[in-house]
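Q: Sharing a structure here in structure tokens format.
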Ligand SMILES: [Zn+2]
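In the numbering used here, the protein residues as written are 95 to 219.
Written out as structure tokens, the structure is:
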């Protein structure tokens, strides 16, 4: 099996060290009661997923970057393909961003931690 990389762990809710254990307790970002509940340690390799108190404040910047990137892409799609409906961009962007908030929240935390942890050389048995 190929070594799981950081991108894999960020996209598929996996520990950035081993790529096997789950990062968040629930698989779905839209389980609204538990979407933000994280494992304190990787259930597979024991890597600490909360390195220190306040660590995930830095994820706010990742989240901001994801929102801005999404809005730019969304705007470019409207400009290029739906120019006559450009008013709908303003109407639709707010609900779309609200709907994507749990997804970006989780994506930002996983990518923030992945910046600081190097993947293990071999997948853990
Ligand atoms: Zn792990």
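Even glycine gets a Cβ: it sits at the ideal position worked out from N, Cα and C. Treat the numbers as computed from the prediction; the structure is a model and nothing was measured.
When the Cα of residue 131 is compared with those of 210, 98, 199, 171, which residue comes out closest?
A: For the residues 210, 98, 199, 171, the minimum Cα distance to residue 131 belongs to 199.
Q: Please report the distance separating the alpha-carbon of residue 155 from that of residue 161.
A: Near 10 Å, if we compare the C-alpha coordinates of residue 161 and residue 155.
Q: Using only the heavy atoms of ligand 1, determine whether one of them is closer than 8 Å to the beta carbon of residue 203.
A: Result no, Cβ not under 8 Å from ligand 1.
Q: What does residue 132 pair with, by DSSP beta-bridge criteria?
A: DSSP, once it has assigned bridges, lists 118 as partnering residue 132.
Q: Report the option in 150, 120, 115 whose CA atom is closest to the CA atom of residue 140.
A: That would be 115, whose Cα lies nearest to the Cα of residue 140.
Q: Should residue 202 go down as buried or exposed, given a rule of 16 or more other Cβ atoms within 10 Å for buried?
A: Buried, by the Cβ-count rule.
Q: Which term fits residue 209, buried or exposed, when burial requires 16 or more other beta carbons within 10 angstroms of its beta carbon?
A: By the 10 Å Cβ count, residue 209 comes out exposed.
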